[in-house]
Ligand SMILES: Cc1ncc(COP(=O)(O)O)c(C=O)c1O
């Protein structure tokens, strides 16, 4: 199993430990709080992900063909979700990210447990990460 | 009526979400459907369905009686005349109709002004902006103060000889404060300005009489008073409606149609082109009867007052909570509470409350200018109906406190 597959499986297993969605949120909130600080001067409109109810900024840097993400949001659960995505994809090659199907998000039931507007925001986050990857392949 | 009795009329209140009882506090967005209203919809759809006015057959007569009977019921309820009641698809359609038809009527001329309250719903802003763009009108914004109260002294100062129309909600969907419409009407009329009242939020909470309010236009939606979606009302003074141009052209809104020129029906039919909501409009009648009952029922009114007093007190004790729409006296507010909490995002709160079974609204609530006024990107809103209990209000504040603890 590739390293990326392992990382995704770890997230799925972690999520499966919680029976209640409230506990899953608690976990996401923790992840959100742990997210590395995002410089205020990076909170620019070009880093804003469109289609989210709350504001989400994503900053991508490329080093040796690998992508490194930093992100922030004014809503903490959203921040937890983006933190989860970053945790899986950070430091991976553009080609590997671009080829991935992001289906682990469905496996943890994230999409159907967010309100339609939030799920739309999640889709936008995934689309942005994928676009960044494709642009750098 | 007891809470149990009223709740039994709304089957959806028995639903559970994520295994928890549904606590529905998004009544300002739309109320639950009344069983009698849905039954009426079924009855006319399944037994007296036909198109209106057009045919001589028995079913067409029955359908027309149901529809025109509903118009009479709305008129009686509002203290108006049947000819003054236009059926639309909702408040939004009512206001768009009015904006368009006023614009084409010659009553508004380039350079004229419209005053709009800062606390208006987008439905009571955008149709006027569109009109202003088409006709070269100026929009002036009537401010609200820090507590959300409409500034009537500003209104007096703003009215000029060019001001033709003032648009305010009787109750704002964010602030829940009751605007003194009667007083606003007298200020406007003294300056030769018409008053259009958005009643979408008020009808569920206040016994509305348009003659008593002395407004020129009044709009509301059926789905916010327990009836079905897709039905709305525009009340207009008959003498004014007569001066308004048609909005949409089509069947039933005409007098005669000739290639050389078409003439139009009298109000209200002038504004009801095409096949109308022949099932939804009659379903408004049982809802109005029920509404009248709830607004006169001591037990239900007392329950609402208790909920309001409880929340006004309880919410303001939560550290970092900022309530928007703080009344000088509780009677100036309906049981609708919008607030923000320092350091906690409204979307996070709504998401967690949802998982606890509590349905509340979060976001801009179709009132972006008001969000800007208070310097927030959104708020959380809990809005109550007579079928909500004090226990539900308590469950809501307990859940809210838990959610805040999780998020802080
Ligand atoms: C004050 C106010 N005006 C207008 C509207 C629009 O009503 P509708 O969506 O039924 O047309 C609403 C509903 O949210 C409202 O609260």
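Residue numbers (the working numbering), protein chains in the order written: chain A, 93 to 229; chain B, 163 to 570.
Every residue, glycine too, gets a C-beta built ideally from N, C-alpha and C.
All figures in this text were calculated on a predicted structure; none of them were measured in a lab.
By DSSP's assignment, residue 381 of chain B forms a beta bridge with B:360 and B:396. In the three-state DSSP reduction, residue 406 of chain B falls in the coil class, being neither helix nor strand. Per DSSP, reduced to three states, the secondary structure at residue 301 of chain B is strand. Contact between residue 366 of chain B and residue 330 of chain B does not hold, since their C-beta atoms are separated by about 18 Å, which reaches or exceeds 8 Å. Within the chosen limit of 7 Å, ligand 1 reaches the beta carbon of residue 283 of chain B through at least one heavy atom. With contact defined as three or more Cβ pairs closer than 8 Å, the segment 496-513 of chain B and the segment 165-178 of chain A are in contact. Residue 180 of chain B reaches chain A at 113, counting residues in chain order whose Cβ is nearer than 8 Å. Look at residue 388 of chain B here: in three-state DSSP terms it is coil, with no helix or strand label. Taking C-beta atoms as the reference points, residue 151 of chain A and residue 158 of chain A fail to come closer than 8 Å.
When the five nearest sequence neighbours on each side are left out, no beta carbon in the same chain lies closer than 7 Å to the beta carbon of residue 227 of chain A. Sixteen is the threshold: when 16 or more other Cβ atoms of the shown chains lie within 10 Å of the Cβ of residue 190 of chain B, as they do, the residue is buried.
Below the 7 Å Cβ cutoff, chain B contributes no neighbours of residue 175 of chain A, its closest Cβ being approximately 14 Å away. Interface flag for residue 95 of chain A against chain B is unset, since no Cβ pair is found closer than 8 Å.
Contact between residue 325 of chain B and residue 355 of chain B holds: CB atoms are separated by about 5 Å, below the 8 Å threshold. Runs of the alpha helix (DSSP H) spanning 4 or more residues and lying entirely within the segment 196-238 of chain B occur at 197-209, in chain order. Following the DSSP letters along the chain, one finds residue 472 of chain B inside the alpha helix (DSSP H) bounded by residues 460-478. At least 8 Å separates the beta-carbon of residue 179 of chain B from that of residue 441 of chain B. Listed in chain order, the positions of the segment 155-168 of chain A with a beta carbon within less than 9 Å of a beta carbon of chain B are 165, 166, 167 and 168. Annotation for residue 125 of chain A: the continuous alpha helix (DSSP H) segment containing it runs 113-126. Between the segment 190-202 of chain B and the segment 536-552 of chain B there are three or more C-beta pairs closer than 8 Å, enough to call the two in contact. In this structure, B:209 is the residue among B:260, B:234 and B:209 with its C-alpha nearest to the C-alpha of residue 222 of chain B. Per DSSP, residue 568 of chain B is not a residue of any beta strand (DSSP E); the alpha helix (DSSP H) it occupies stretches across 552-569. Residue 425 of chain B carries a strand assignment under DSSP once its states are collapsed to helix, strand and coil. Under the Cβ criterion of 8 Å, residue 145 of chain A is counted among the residues facing chain B. Remark: the shortest separation between the CB of residue 526 of chain B and any heavy atom of ligand 1 does not fall under 7 Å.
Contacts with chain B (Cβ-Cβ distance below 7 Å) from the segment 110-141 of chain A involve 113, 114, 117, 118 and 121, listed in chain order. DSSP, reduced to helix, strand and coil, places residue 275 of chain B within a strand of the structure shown.
For residue 383 of chain B, the shortest C-beta to heavy atom distance toward ligand 1 is below 7 Å.
Following the DSSP letters along the chain, one finds residue 187 of chain A in no beta strand (DSSP E) but inside the alpha helix (DSSP H) bounded by residues 186-191. Under the DSSP assignment, residue 163 of chain A falls in the beta strand (DSSP E) whose first and last residues are 158-165. Take residue 489 of chain B, set aside five residues on each side of it, and the residues of its chain with a beta-carbon closer than 7 Å to its own are 339 and 495, in chain order.
Non-local C-beta neighbours of residue 201 of chain B in its own chain, meaning closer than 8 Å and more than five positions away in sequence, comprise 448, ordered along the chain. If you check the CB distance, residue 434 of chain B and residue 414 of chain B come in under 8 Å. Beta-bridge partners of residue 495 of chain B (DSSP): B:339. Around the beta carbon of residue 522 of chain B, a 10 Å sphere encloses 16 or more other beta carbons of the protein chains shown; the residue is thus reported as buried.
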